[in-house]
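A.B. asks: Residue numbers (this note's numbering), protein chains in the order written: chain S, 530 to 864; chain Y, 530 to 864.
Glycine residues also receive a C-beta, built at the ideal position from the N, C-alpha and C atoms.
A quick note: this is a predicted structure, and the numbers were derived from the prediction, not measured.
Next up is a structure, given as structure tokens.
2 protein chains.
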Amino acid sequence: MKYTIIDIATISGVSKSTVSRVISNKGYVGSDAREKVLLAIEKLQYKPNAVARAMVSRHTKNIGVIIYRQHHPIASHPFYGKILDAILEKAYELGYSIFVMTDKEISSRSADFLLEKRVDGLILISRLNQELVDYFKSSQTPFVMVNGTTDDSDVIHLVNDDERGGELAAEHMLSLGLTRIAIIAGPQEHRSHFLRSKGFQKTYNQNGIELDENQIYYADTSQFEEGYKAFQALWERSHDFQAIFATNDMIALGAIKAIYEKGLQVPKDIEVVGFDDIDYAAMSNPTLTTIHSAKTRMGHEAVLMLDEWIHGNTSQKKMQMFSPVLKIRNSTKAK
Amino acid sequence: MKYTIIDIATISGVSKSTVSRVISNKGYVGSDAREKVLLAIEKLQYKPNAVARAMVSRHTKNIGVIIYRQHHPIASHPFYGKILDAILEKAYELGYSIFVMTDKEISSRSADFLLEKRVDGLILISRLNQELVDYFKSSQTPFVMVNGTTDDSDVIHLVNDDERGGELAAEHMLSLGLTRIAIIAGPQEHRSHFLRSKGFQKTYNQNGIELDENQIYYADTSQFEEGYKAFQALWERSHDFQAIFATNDMIALGAIKAIYEKGLQVPKDIEVVGFDDIDYAAMSNPTLTTIHSAKTRMGHEAVLMLDEWIHGNTSQKKMQMFSPVLKIRNSTKAK
DNA sequence: CTGAAAGCGCTTACAG
DNA sequence: CTGAAAGCGCTTACAG
Chain S
530 MKYTIIDIAT
540 ISGVSKSTVS
550 RVISNKGYVG
560 SDAREKVLLA
570 IEKLQYKPNA
580 VARAMVSRHT
590 KNIGVIIYRQ
600 HHPIASHPFY
610 GKILDAILEK
620 AYELGYSIFV
630 MTDKEISSRS
640 ADFLLEKRVD
650 GLILISRLNQ
660 ELVDYFKSSQ
670 TPFVMVNGTT
680 DDSDVIHLVN
690 DDERGGELAA
700 EHMLSLGLTR
710 IAIIAGPQEH
720 RSHFLRSKGF
730 QKTYNQNGIE
740 LDENQIYYAD
750 TSQFEEGYKA
760 FQALWERSHD
770 FQAIFATNDM
780 IALGAIKAIY
790 EKGLQVPKDI
800 EVVGFDDIDY
810 AAMSNPTLTT
820 IHSAKTRMGH
830 EAVLMLDEWI
840 HGNTSQKKMQ
850 MFSPVLKIRN
860 STKAK
Chain Y
530 MKYTIIDIAT
540 ISGVSKSTVS
550 RVISNKGYVG
560 SDAREKVLLA
570 IEKLQYKPNA
580 VARAMVSRHT
590 KNIGVIIYRQ
600 HHPIASHPFY
610 GKILDAILEK
620 AYELGYSIFV
630 MTDKEISSRS
640 ADFLLEKRVD
650 GLILISRLNQ
660 ELVDYFKSSQ
670 TPFVMVNGTT
680 DDSDVIHLVN
690 DDERGGELAA
700 EHMLSLGLTR
710 IAIIAGPQEH
720 RSHFLRSKGF
730 QKTYNQNGIE
740 LDENQIYYAD
750 TSQFEEGYKA
760 FQALWERSHD
770 FQAIFATNDM
780 IALGAIKAIY
790 EKGLQVPKDI
800 EVVGFDDIDY
810 AAMSNPTLTT
820 IHSAKTRMGH
830 EAVLMLDEWI
840 HGNTSQKKMQ
850 MFSPVLKIRN
860 STKAK
């Protein structure tokens with residue numbers, strides 16, 4: 530089944546140049562010549578060799594996606610996996626194939642792999658250090674970052690407006706009359722967690738409510754188990770809070786588990802607000818009030834912007850920010 | 530930064546043949562020649578062009594993964610995404626890059642894409658029709674199927690021992706004295722759902738308990754919402770059951786949500802057992818008793834077996850079955 | 001509209 | 001141990 534353009538040329542009685550023109554659909558081809566070629570292709574079940582085509586055309590129609598995360602899950606991660614799904618979808622539409630790799634934020638191994646494969650562009654998800662960013666810049670390969678952390682204004686960067694999201698959460702909780710609250714803040718070196726917590730606190734402060742450090746638990750990771758531990762620690766410190774804001778849903782869900790284990794109920798005894806609106810947030814018991822972050826849109830836009838760059842348009846705006854939306858569910862009381 | 534082997538040859542004062550030998554690490558190279566070449570590579574930050582290498586060596590070191598699913602989520606799916614994570618991990622170890630695509634079970638579009646890219650092998654996840662299987666067989670490209678449905682004994686096929694899993698679930702429920710039960714069975718055209726339900730019923734029958742059709746709800750999809758609807762339907766039919774077995778966790782979780790909405794509790798009023806042991810099964814409230822399916826091991830093995838085939842070993846056993854394990858959590862009562 | 005020639009960046013025998 | 005030559009399967013100008 531691995532025929533070449535020459536087999537097709539022989540069978541259809543034309544030159545390989547003509548065969549090439551029909552499969553790549555550029556240049557003039559007479560309609561009878563085209564027909565004979567098409568027939569031969571059909572007959573041999575010929576599939577053009579994309580490797581050879583890439584070799585000479587200098588584009589592979591492949592895009593690399595690297596997710597920089599230390600721990601599993603990665604592709605199946607409820608936040609990053611969602612972005613990946615959207616990337617896959619949009620790439621398919623535009624005719625790109627996607628390489629998926631995961632790596633540590635400081636390693637260039639995946640990057641080298643993909644650069645050697647001569648991908649047309651790269652989508653970098655989550656946090657990577659500036660050294661790596663510079664490495665990509667020097668690689669001459671178009672790339673965009675999604676939900677990363679960089680101040681580099683040369684870099685195309687798609688993020689959620691996390692600070693605004695924190696404000697939304699605070700405004701909602703304030704509207705519910707929740708004045709005594711606690712925060713479970715994920716890793717502060719992550720832009721998202723930092724800004725979410727910042728926006729939240731700022732809004733409370735502006736409403737005349739100061740939060741002291743005792744009410745804030747700084748989590749080491751952004752995972753379920755950490756939220757679970759966080760509530761226990763918070764509860765040891767003080768029983769004096771009516772509600773919790775967690776900087777992501779996984780943490781919030783972990784906290785809810787710990788709350789129930791103490792014999793308390795959500796939202797009756799303690800109300801909880803998360804962040805991200807992962808799928809589970811709508812399935813948990815109770816369902817979780819949260820801030821929706823634009824995972825699907827970020828994924829789609831990332832591919833679109835990268836595609837623009839690949840086609841030579843470098844004048845796009847560098848920072849693309851997506852607006853969060855409050856989703857009220859059952860972990861907060863109805864007014 | 531896009532230099533070629535010739536640039537390296539020029540700088541280091543050797544022929545390109547020698548450069549080739551050092552980057553591909555085969556053939557003899559004198560140690561001083563090697564050193565000069567390595568120096569030049571370092572200096573120019575040269576990255577060998579994998580496309581050109583693939584062109585002549587006839588292997589790309591790329592593997593394609595196609596997940597055959599109609600609906601989102603796909604990469605982020607709690608079951609298939611987990612398998613994908615394992616594939617990514619093992620592939621990285623062995624030096625393969627992974628193309629990820631999703632497609633409908635009857636479409637060959639992704640297949641063609643990947644075949645044209647001349648992947649060294651293919652991993653096909655979930656269900657695809659026999660016509661497509663035949664298509665892959667005729668493609669001459671090594672491939673393995675994971676958690677699919679095929680009776681084709683030529684095809685390397687990795688599956689969970691779902692029937693045994695159904696038995697395990699039944700044995701556990703029987704040991705708890707649960708005799709009046711209901712089943713929520715996912716789409717029966719899926720091998721997994723069919724066998725899980727079959728193994729479960731068989732075990733009950735062997736213990737002298739017949740289940741009538743009224744106690745079984747056949748779900749249209751394997752998703753959360755469907756489990757939710759299923760419980761409502763079951764509850765309309767009869768209130769006479771103490772426990773529910775669902776053929777996957779998502780369905781089980783949906784049912785639990787519906788149970789709570791009726792003002793009932795799990796496991797106090799109704800006990801629930803799921804299947805798969807997705808991450809969320811350990812996070813839900815209550816945590817879910819379930820049957821663990823070997824997602825990670827299947828993913829790892831799939832790559833390993835494919836790698837064997839790629840290297841010419843075609844004598845592997847075709848059917849690889851993984852043993853399920855009962856995970857007791859809080860959606861069933863302790864004895 | 002179509003064909004012959006050159007070349008993409010490598011590897012692979014083949015000499016030496 | 002090393003170099004020159006041929007070739008992988010295409011596309012891209014260039015003639016005609």
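(1) Locate the beta strand (DSSP E) running through residue 632(Y), then write down its first and last residues.
(2) Below 8 Å on the Cβ atoms is my contact criterion, and I expect residue 713(S) with residue 780(S) to pass it. Report the Cβ-Cβ distance as a whole number of Å.
(3) Comparing C-alpha positions only, which one of 684(Y), 650(Y), 578(Y) sits nearest to residue 593(Y)?
(4) Is the region 605-619 of chain S in contact with the region 838-857 of chain S, if contact means three or more CB pairs nearer than 8 Å?
(5) Distance, Cα to Cα, residue 627(Y) vs residue 641(Y)?
(6) Can you name the start and end residues of the beta strand (DSSP E) that residue 772(S) belongs to?
(7) Kindly list the residues whose CB is nearer than 6 Å to the CB of residue 724(Y), restricted to its own chain and excluding five residues on each side of it in sequence; keep chain order.
(8) Please identify, using Cβ separations under 7 Å, the residues of the region 583-598 of chain S that lie next to chain Y, in order along the chain.
(9) For residue 743(Y), which three-state DSSP category applies?
(10) When you check each C-beta in the region 816-835 of chain Y against every C-beta of chain S, which residues fall closer than 7 Å?
(11) Quick one: is residue 750(Y) near chain S, going by C-beta distance under 8 Å?
(12) Using a Cβ distance threshold of 8 Å, determine whether the region 808-825 of chain S contacts the region 548-560 of chain Y, with at least three qualifying pairs required.
(13) Which residues in chain Y have a C-beta closer than 9 Å to the C-beta of residue 851(S)? List them in chain order.
(14) Buried or exposed: residue 711(S), going by 16 or more other Cβ atoms within 10 Å of its Cβ?
(15) Using a Cβ-Cβ cut-off of 8 Å, state whether residue 604(S) counts as contacting chain Y.
(16) If we ignore side chains and look at the alpha-carbon of each, how far apart do residue 688(Y) and residue 637(Y) end up?
(17) Return the residues of the region 659-685 of chain S that lie within a Cβ-Cβ distance of less than 7 Å from chain Y, sorted by chain order.
(18) Is the CB of residue 570(S) under 8 Å away from at least one CB in chain Y?
(19) Between residue 771(S) and residue 709(S), which are expected to be in contact by the criterion C-beta below 8 Å, what is the C-beta distance as a whole number of angstroms?
(20) Going by C-alpha to C-alpha distance, which of 620(Y), 631(Y), 625(Y) sits closest to residue 625(S)?
(21) Tell me residue 730(Y)'s beta-bridge partners as DSSP assigns them.
(22) Looking only at its own chain, which residues have a Cβ that is under 6 Å from the Cβ of residue 619(Y), when we skip the five neighbours before and after it?
(23) Just to check my reading of the structure: residue 634(Y) and residue 597(Y) have Cβ atoms closer than 8 Å, yes? What is that Cβ distance to the nearest angstrom?
(24) Which residues in chain Y sit within 8 Å of residue 785(S), going by Cβ to Cβ distance?
(25) Should the region 737-751 of chain S be regarded as contacting the region 803-819 of chain S, the criterion being three or more beta carbon pairs within less than 8 Å?
(26) What's the C-alpha gap between residue 621(Y) and residue 694(Y)?
(27) Should residue 535(S) be labelled buried (16 or more other beta-carbon atoms within 10 Å of its own) or exposed?
(28) With distance defined between alpha-carbon atoms, name the residue in 564(Y), 850(Y), 861(Y), 541(Y) nearest to residue 674(Y).
(29) Using beta carbons (cut-off 8 Å, strictly below), is residue 613(S) in contact with chain Y?
(30) Which of the three DSSP states is assigned to residue 862(S) in this structure?
(31) Does the ligand MG have a heavy atom nearer than 7 Å to the CB of residue 821(Y)?
(32) Under a Cβ-count criterion, where at least 16 other Cβ atoms within 10 Å of its own Cβ denotes burial, should residue 730(S) be classed as buried or exposed?
(33) Residue 752(Y): which of 767(Y), 671(Y), 570(Y), 716(Y) sits nearest, CA to CA?
(34) I'd like the span of the beta strand (DSSP E) that includes residue 851(S), first residue to last.
(35) Given a cut-off of 8 Å, decide if residue 819(Y) and residue 805(Y) are closer than it, judged by their beta-carbon atoms.
(36) Return the CA-CA distance between residue 861(Y) and residue 841(S), expressed in angstroms with no decimal places.
C.D. replies: On the basis of the coordinates in this document:
(1) 626-632
(2) 5 Å
(3) 650(Y)
(4) Taking a cut-off of 8 Å for Cβ pairs, the region 605-619 of chain S and the region 838-857 of chain S do not touch, as fewer than three such pairs fall below it.
(5) When rounded, the separation of the alpha-carbon atoms in residue 627(Y) and residue 641(Y) is 16 Å.
(6) 772-775
(7) 691, 692
(8) 583, 584, 589
(9) helix
(10) For the region 816-835 of chain Y, the beta-carbon criterion of a distance under 7 Å to any beta-carbon of chain S is satisfied by none of its residues.
(11) Using a CB distance cut-off of 8 Å, residue 750(Y) does not count as an interface residue toward chain S.
(12) Short answer: they don't touch.
(13) Within 9 Å Cβ-Cβ: nothing; residue 851(S) doesn't reach chain Y, min ~18 Å.
(14) buried
(15) yes
(16) 23 Å
(17) 667, 668, 669
(18) no
(19) 5 Å
(20) 631(Y)
(21) DSSP, once it has assigned bridges, lists no residue as partnering residue 730(Y).
(22) 829, 832
(23) 4 Å
(24) 814
(25) No: fewer than three Cβ pairs fall under 8 Å.
(26) 31 Å
(27) Exposed.
(28) 850(Y)
(29) yes
(30) coil
(31) In terms of ligand content, the structure shown is empty, and the ligand MG therefore cannot be addressed.
(32) buried
(33) 716(Y)
(34) 848-851
(35) yes
(36) 59 Å
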